[in-house]
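In this note's numbering, the protein residues as written are 120 to 312.
Here it is in structure tokens:
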């Protein structure tokens, strides 16, 4: 059984929504998972937002529980850690570098394939080249600059925006974005078992 930990900021909107949705969708598909969620900047015991609960209720999904602060125990417990943004991923890895091989953004893990991985590696190489040339007072060639811009425009954002304080429609939109990523996550988990 795969143990999955979702991470967001306050653990009152995105990560509890993802936790509840994954448990619900995995049960329907017969995929066994253990799921938790936590926040990088929260305290234990805050209520999950009413808009999150309403969004889940529309999907016939219940969530019981309250916020939990990220702990070393939770990081150690997890086989896979999925953050809502690249910033959450950086925050987590700053304090738990040992988790680097099991930490991704939700969308990064869900959408990653060989082509996307190659594009990311090429883009990172171009960024490195840009920094080296800048340090030497040089610039990228027109071809390198064009390729960098092409890759940047082609690569998707791996962040799921925070709906906190927003309208119900914003929470619903967030859940739709998560649903597709969680569906792809379950596809990957089903292939591995």
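The beta-carbon is built from N, C-alpha and C at its ideal position, and this holds for glycine as well.
Nearest residue (CA-CA) to residue 178, options 297, 201, 247: Along the chain shown, read from residue 1 onward, the residue named residue 178 stands at position 59. Of the candidates 297, 201, 247, the one whose C-alpha sits nearest the C-alpha of residue 178 is 297.
Bridge partners - residue 125, DSSP secondary structure assignment: If you number the chain shown from 1, residue 125 lands on position 6. For residue 125, which the question treats as bridged, DSSP gives the partners 156, 201.
Whole-angstrom distance between residue 255 and residue 363, CA atom to CA atom: With the chain covering 120 to 312 only, the question about residue 363 has no answer from this structure.
Residue 134 - DSSP class collapsed to helix/strand/coil: What you label residue 134 is simply residue 15 of the chain shown in a count that begins at 1. In this structure, residue 134 counts as helix in the three-state DSSP scheme.
With 16 other Cβ atoms within 10 Å as the buried cut-off, status of residue 208: As a first step, residue 208 must be located in the chain shown, where it is residue number 89. Answer is buried; the Cβ neighbour count reaches 16.
For residue 135 and residue 210, the rounded distance between their alpha carbons: Position 91 of the chain shown, counting from 1, holds the residue named residue 210. Position 16 of the chain shown, counting from 1, holds the residue named residue 135. Taking the straight line joining both Cα atoms gives about 18 Å.
Rounded distance between the beta-carbons of residue 301 and residue 137, thought under 8 Å: The residue given as residue 137 occupies position 18 in the chain shown. The residue given as residue 301 occupies position 182 in the chain shown. At roughly 7 Å, the Cβ-Cβ gap stays under 8 Å, so residue 137 and residue 301 are in contact.
Burial state of residue 156, where buried means 16 or more other Cβ atoms lie within 10 Å: Along the chain shown, one-based indexing puts residue 156 at 37. With 16 or more Cβ atoms within 10 Å of its Cβ, residue 156 is classed as buried.
Own chain partners of residue 151 with C-beta closer than 6 Å, once the 5 adjacent residues on each side are dropped: If you number the chain shown from 1, residue 151 lands on position 32. So the list reads 120, once near-sequence residues are dropped.
Residue-chain proximity (residue 304, chain C), Cβ-Cβ < 7 Å: Judged by its chain identifiers, the structure shown contains no chain C, having just a single protein chain.
Burial state of residue 158 (16 or more Cβ within 10 Å): In the chain shown, residue 158 corresponds to position 39, counting from 1. With 16 or more Cβ atoms within 10 Å of its Cβ, residue 158 is classed as buried.
Simplified DSSP assignment, three categories, for residue 222: The residue labelled residue 222 in the question sits at position 103 within the chain shown. Strand, per DSSP.
Beta-carbon separation (whole angstroms), residue 183 vs residue 130, contact threshold 8 Å: Here the question's residue 183 lines up with position 64 in the chain shown. Here the question's residue 130 lines up with position 11 in the chain shown. Going by Cβ atoms, the distance from residue 183 to residue 130 rounds to 14 Å, so no, they are not a contact pair.
Status (buried if at least 16 other CB within 10 Å, exposed otherwise) for residue 246: Walking along the chain shown from the start, residue 246 turns up at place 127. With fewer than 16 Cβ atoms within 10 Å of its Cβ, residue 246 is classed as exposed.
Where residue 188 sits in the DSSP three-state scheme: Within the chain shown, residue 188 is the residue found at index 69, counting from 1. Reduced to three states, the DSSP call for residue 188 is strand.
Own chain partners of residue 294 with C-beta closer than 8 Å, once the 5 adjacent residues on each side are dropped: Translated into the one-based positions of the chain shown, residue 294 becomes position 175. Cβ within range, chain order: 136, 140, 174, 175, 178.
Integer Cβ distance of residue 274 from residue 242, believed to fall under 8 Å: Numbered from its first residue, the chain shown carries residue 274 at position 155. Numbered from its first residue, the chain shown carries residue 242 at position 123. Sure, about 7 Å apart at Cβ, within 8 Å.
Residue 231 and residue 279 closer than 7 Å at C-beta: Taking the first residue of the chain shown as 1, we reach residue 231 at position 112. Taking the first residue of the chain shown as 1, we reach residue 279 at position 160. Taking 7 Å as the Cβ cut-off, residue 231 and residue 279 do not qualify as a contacting pair.
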